[in-house]
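**Student:** Below is one structure. I have some questions about it.
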Amino acid sequence: MLILCSSLSLISATGPNADKIKLIGDKEVDLGLVSPFDIIKLGSKKYFRYIGSLTTPPCTEGVIWTIEKQIRTVSLEQLNALKGGVNKGYEENSRPLQLDGGRPIFSYIFQDEKAVI
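Going by our numbering, the first residue of the sequence shown is number 33, and it counts up by one from there.
Structure, rendered in structure tokens:
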């Protein structure tokens, strides 16, 4: 399992891509096959990667976490739309930040379509 993450910083404006976030209520949407390269583009991207676990029960081990270094912005409206996609009762269904447990954390920088570790 691979998890891709971006840090979000709250801004006040809605932004040009606000229409890409849609509330779907209780419906499930099949996203099909999603390539991580659709999210983390090759070029000057910097990200961290480590093998960890899920943050929700049963906290399964062996999950590849990929965390983008760049902090992205999100408006209050977008944040509410993201929260709206979580089923009621599960909004706080995650555990606190854990120690790295001695796991190696790798830093990647893509230059000329080659990763520098």
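Positions of the beta carbon are idealized from the N, C-alpha and C atoms, including for glycine.
Can you tell me whether Gln-102 is buried or exposed? The criterion is at least 16 other CB atoms within 10 Å of its CB, across all chains shown.
**Tutor:** Classification of Gln-102: exposed, given that the 10 Å Cβ count is below 16.
**Student:** Please go through the same chain and pick out, in chain order, the residues whose beta-carbon is closer than 6 Å to the beta-carbon of Glu-93, but skip the five residues on each side of it.
**Tutor:** Excluding sequence neighbours, Glu-93 sits near Ser-85.
**Student:** Could you tell me which of Arg-81, Thr-88 and Phe-80 sits nearest to Leu-168, measuring between CA atoms?
**Tutor:** It is not possible to answer for residue 168, since the shown part of the chain is limited to 33 through 149.
**Student:** Does DSSP classify Lys-77 as helix, strand or coil?
**Tutor:** Correct three-state label for Lys-77: coil.
**Student:** In three-state DSSP terms, what is Gln-110?
**Tutor:** Helix at Gln-110.
**Student:** Bridge partners of Arg-135, per DSSP?
**Tutor:** DSSP lists no partner for Arg-135.
**Student:** Please confirm whether any heavy atom of the ligand SAM lies closer than 7 Å to the CB of Arg-127.
**Tutor:** This structure lacks the ligand SAM; in fact it carries no ligand of any kind.
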